[in-house]
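Working notes for the structure below.
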Amino acid sequence: MIANKIQIVMATAFMLASTLTHAQSTLLNDSRQSISKPLAVAYLYPEQVTIPANKPTTIALHFRVASGLHINSHTPSGDELIPTTLTIPDNSGVRLDSASYPRGADFTLPLDPATKLSVYSGEFIIQARITAAAGDHLVEAKLRYQACDNTACLPPKTITVAFDVIGK
Amino acid sequence: MKRNTLVITAVLFILAAFGWAGWANWEYRRQAAERQQALALHAEVIPDASGGALQYVTPLQGKSAPPFTLEDLGGKKVSLETYKDRALAINFWATWCAPCKIETPWLIELRNQYASQGFEVLGISADDLDRDDPAKLSGEKKEIAHFVEKMKMPYPVLIDGISISEPYGGLDQLPTTFYVNRSGVVVAVQVGITSKDEIEANIKKTLGIVK
């Protein structure tokens, strides 16, 4: 009888200690994730496309610019501004024949209303005309952009835009 | 006897279980403190509470400006030490930074206004430089020089600011300006553009006109 009670107490103590430790571990992992830097541009979709092999085909790549930020369009208003540009590495089995970018929206910084900038904000779509060899290809396209908010700019960045292309 | 042994065992087990939990708690706090210390060494760009605009956190304020030596556009090496005993605005900018173009004329005007009191601006370009490709490097230097000429910057302009980004907190946003007093201490940091008045207020801090 006493032995049973002792076993219950021991089990309860063990469970309490385990729960406490698990909770601390979860807190630690959560706080590690929260200090990572946000990306100005996120690739949304598609994750996979199936297209006819060896035939140029247009696919729509969807992106989102983080709230409060904008990036230069593909045709920014000044030579010194960095255009948003999509490329596909040569060795991926998929060739980028051309890319059609959306027209940039006119934008002025509050402190310089006289200067018009051409930017993307929110969601935007790049129409990429690609040709794929037969088979499955993991494409790691690159999107180079340069983001700003109303008062400051982030350094130019190149992100990987990963999607599967199945050439049939 | 047997009962006593069981009780003692149970008590020891409970003590051990709570001891283990206590150790885990201590370990958690230790790692949290390490993370705080790591953050203190690097400025961070973090989303604000609303998830929109970015905030800048820098630990350099109130500390000595990190020493550096950089080249100017003519290839001459210039160090921070050269400007010892001067009040400074160390202004990081880039040719691709639209807000920098708005701020630069304000800096020029205020620099000319306060130069006689011992104030100087060091303009540091944070444009990428291809040091391994002489042709590209030459083109990049020309672009910077063109910007300097277009903006009519009358103060020293240095290049390759990225190489000193780490001691200056990462330079995650431009323009970023560190205001340094005559003792070499950073008295204010301004990230992004606000107003000419705010720049002037910071210059006055470097000169000791206001606290």
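Protein sequence lines, in the order shown, are assigned to chains A and B. Just so you know, this note's numbering puts 35 at position 35 of the first sequence, and the rest follows in order with no gaps. Just so you know, this note's numbering puts 1157 at position 157 of the second sequence, and the rest follows in order with no gaps. Backbone N, C-alpha and C define an ideal beta-carbon position, used for all residues, glycine too.
Cβ distance (whole Å) where residue i is taken to contact residue j below 8 Å
i: Gln146(A); j: Ile82(A); result: 4 Å
i: Arg64(A); j: Ala99(A); result: Actually they are not in contact, since the Cβ atoms of Arg64(A) and Ala99(A) sit about 18 Å apart, beyond 8 Å.
i: Tyr1155(B); j: Glu1120(B); result: 6 Å
i: Leu1060(B); j: Ile1159(B); result: 21 Å between Cβ atoms; not a contact.
i: Asn1112(B); j: Pro1175(B); result: Rounded, the Cβ-Cβ distance is 19 Å, inconsistent with contact.
i: Ser1064(B); j: Gly1184(B); result: 5 Å
i: Gln92(A); j: His62(A); result: Note on identity: in this sequence residue 92(A) is Ser, with Gln being the wrong assignment. Contact doesn't hold; Cβ gap of about 20 Å is too wide.
i: Val1191(B); j: Ala152(A); result: 6 Å
i: Thr1058(B); j: Gly1169(B); result: 5 Å
i: Thr50(A); j: Arg95(A); result: Their Cβ separation, rounded to whole angstroms, is 17 Å, which puts Thr50(A) and Arg95(A) out of contact at 8 Å.
i: Ser118(A); j: Pro76(A); result: 5 Å
i: Ile159(A); j: Leu39(A); result: 7 Å
i: Lys1077(B); j: Thr1069(B); result: 5 Å
i: Ser73(A); j: Gly122(A); result: The Cβ separation is near 13 Å, so there is no contact.
Where residue i falls: helix, strand or coil (DSSP)
i: Thr75(A); result: coil
i: Cys1100(B); result: helix
i: Lys55(A); result: coil
i: Ala1016(B); result: helix
i: Thr1206(B); result: helix
i: Ile166(A); result: strand
i: Leu1006(B); result: helix
i: Ile126(A); result: strand
i: Ala152(A); result: coil
i: Glu140(A); result: strand
i: Lys1196(B); result: helix
i: Ala40(A); result: coil
i: Ala60(A); result: strand
i: Ala1201(B); result: helix
Contacting residues, own chain, Cβ-Cβ under 6 Å from residue i (five flanking each side not counted)
i: Gln48(A); result: Asp164
i: Ile71(A); result: Val65, Thr84, Tyr120, Tyr145, Ala147
i: Ala60(A); result: Ile125, Gln127
i: Arg129(A); result: Pro56, Thr58, Asp97, Ser98
i: Asp106(A); result: Lys116
i: Gly1118(B); result: Arg1086, Ala1087
i: Ala1089(B); result: Val1121, Thr1177, Tyr1179
i: Pro102(A); result: Phe124
i: Val1011(B); result: none
i: Met1153(B); result: Gly1123
Any non-hydrogen atom of the ligand COA closer than 7 Å to residue i Cβ
i: Gly1075(B); result: The ligand COA is not part of this structure, which contains no ligands at all.
Own chain residues within Cβ distance below 8 Å of residue i, not counting five before or after
i: Ile1102(B); result: Ile1193
i: Lys1205(B); result: Tyr1179, Asn1181, Val1187, Ala1188, Lys1211
i: Ala134(A); result: Ala53, Asn54, Gly167, Lys168
i: Trp1093(B); result: Cys1100, Glu1103, Thr1104, Gly1123, Ile1124, Ser1125, Ala1126, Leu1174, Pro1175
i: Ala1016(B); result: none
i: Glu1140(B); result: Asp1127, Asp1128, Leu1129, Asp1130
i: Ile1203(B); result: Ala1087, Ala1089, Leu1110, Tyr1114, Phe1119, Tyr1179
Residues of its chain near residue i, where Cβ-Cβ distance is below 7 Å and the 5 sequence neighbours each way are ignored
i: Asn150(A); result: Leu109, Pro110
i: Cys1097(B); result: Leu1174, Pro1175
i: Ala141(A); result: Leu86, Thr87, Ile88, Val161
i: Gly68(A); result: Asp149
i: Val1157(B); result: Asp1072, Leu1073, Gly1123, Ser1125, Val1148
i: Leu1137(B); result: Leu1129, Asp1130, Arg1131
i: Ala23(A); result: Note on Ala23(A): pLDDT 48, under 50, position unreliable in the model; no value is reported.
i: Thr1009(B); result: none
Is it the case that the region 1129 to 1145 of chain B contacts the region 1103 to 1112 of chain B, given that we only count it when at least three CB pairs across the two stretches are under 8 Å? no
Suppose only complete runs of 4+ residues qualify. What are the alpha helix (DSSP H) ranges in the region 1077 to 1163 of chain B, listed by chain order? 1098 to 1114, 1134 to 1151
Would you say the region 1127 to 1137 of chain B touches the region 1078 to 1091 of chain B, given that touching needs at least three Cβ pairs under 8 Å? no
Run through the region 83 to 107 of chain A for me and flag every whole beta strand (DSSP E) of 3 or more residues, listed as ranges in chain order. 85 to 87, 94 to 100
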